[in-house]
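Worksheet: the structure to be examined is printed underneath.
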Amino acid sequence: GAVVSQHPSRVICKSGTSVKIECRSLDFQATTMFWYRQFPKQSLMLMATSNEGSKATYEQGVEKDKFLINHASLTLSTLTVTSAHPEDSSFYICSARRSLNTEAFFGQGTRLTVV
Amino acid sequence: LAKTTQPISMDSYEGQEVNITCSHNNIATNDYITWYQQFPSQGPRFIIQGYKTKVTNEVASLFIPADRKSSTLSLPRVSLSDTAVYYCLALNTDKLIFGTGTRLQVFP
Chain A
1 GAVVSQHPSR VICKSGTSVK IECRSLDFQA TTMFWYRQFP KQSLMLMATS NEGSKATYEQ
61 GVEKDKFLIN HASLTLSTLT VTSAHPEDSS FYICSARRSL NTEAFFGQGT RLTVV
Chain B
1 LAKTTQPISM DSYEGQEVNI TCSHNNIATN DYITWYQQFP SQGPRFIIQG YKTKVTNEVA
61 SLFIPADRKS STLSLPRVSL SDTAVYYCLA LNTDKLIFGT GTRLQVFP
C-alpha cells in the first residue's frame, strides 16, 4: 500500500511553546489529508480536513488558531500546535487519500507530551 | 454521513475464525465499506475494502449483504498478533469518521 510518513514520532515540549508535526505522502499525491488526535483507549477523533491549496475545515470544538494546519502541496501537510499546554498532550495521527472512495493511508502517529 | 456501529470488544483463541460485524444503516449509495486495524501507539492500517457481496485478500474477507446495511469482517485462523482494535468506516465521504471500533483480544 501507499506510504504516509509522519514526523516526528514523538516530541516533548515545554508549556507555551509551539510544535510542528509533518505529514508526507511518499508515493502518491494526496488531494485530501486528515488530522486526528487520540487519547488512551479511545477512538480517533477527527480534528480537521485539509485540501491542497485551500484552508482546512475544522471540526466543531477544535480551535483553528491553536491547531494550525497547512496543506501546501499534494504531498505535505503540517499541524502546528501553538502555545502548547499539558492538556494538548496526546497522540496525533495524519491520514492522506488520493480522492473520494479511495482508501486513506495513515501515518505512524506522533506522541506529543507537553511538560 | 454514515454512522457505523460495532461491538466494543471480542475475545477469541488462536486458530479460530473471528467475524466482526458492523452496522451502517444509513450508508449512502456511493459509500465503500473499509476496515482498518490499529495497534497501540500506531496509526491505523488498511485491511480491506468492498462495496457489496464478498471481497477477499491475503489477510481477510469482507461480506456485504445486498441491502448494504451491515458488513462482516472475517479473520481466518487468528493469531496472538491479531490482537488489535478494528474499525469499519464508510468511504466516499468528505470526512473519515471513526466509530468506537472493536477491541479484539486473542488468547493462546
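Going down the list, the protein sequences come from chains A and B. For the first sequence, our numbering gives the first residue as 1, with consecutive numbering after it. For the second sequence, our numbering gives the first residue as 1, with consecutive numbering after it. C-beta: ideal position from N, C-alpha, C; glycine also. Model, not experiment: these values are computed from the prediction.
When the Cα atoms are used, residue 33 (chain A) and residue 93 (chain A) turn out to be separated by approximately 11 Å. When secondary structure is reduced to three states using DSSP, residue 59 (chain A) falls in the coil class, being assigned neither helix nor strand. Residues of the region 95–111 of chain A whose Cβ lies closer than 9 Å to any Cβ of chain B, in chain order: 95, 97, 100, 101, 102, 103, 104, 105, 106, 107, 108, 109 and 111. For residue 96 (chain B), the nearest CB of chain A lies under 7 Å from its own CB, placing it at the interface with that chain.
For residue 63 (chain B), no CB of chain A lies under 7 Å from its own CB, so it is not counted at the interface with that chain.
Between residue 37 (chain A) and residue 111 (chain A), the C-beta spacing is not below 7 Å. For the 7 Å CB-CB criterion, residue 23 (chain A) and residue 89 (chain A) do not form a contact. Look at the region 64–96 of chain A: the residues with a C-beta under 9 Å from a C-beta of chain B are 91, 93, 94 and 95. Your pair residue 41 (chain B) and residue 104 (chain B) does not check out as a contact, with CB atoms roughly 17 Å apart and the cut at 8 Å.
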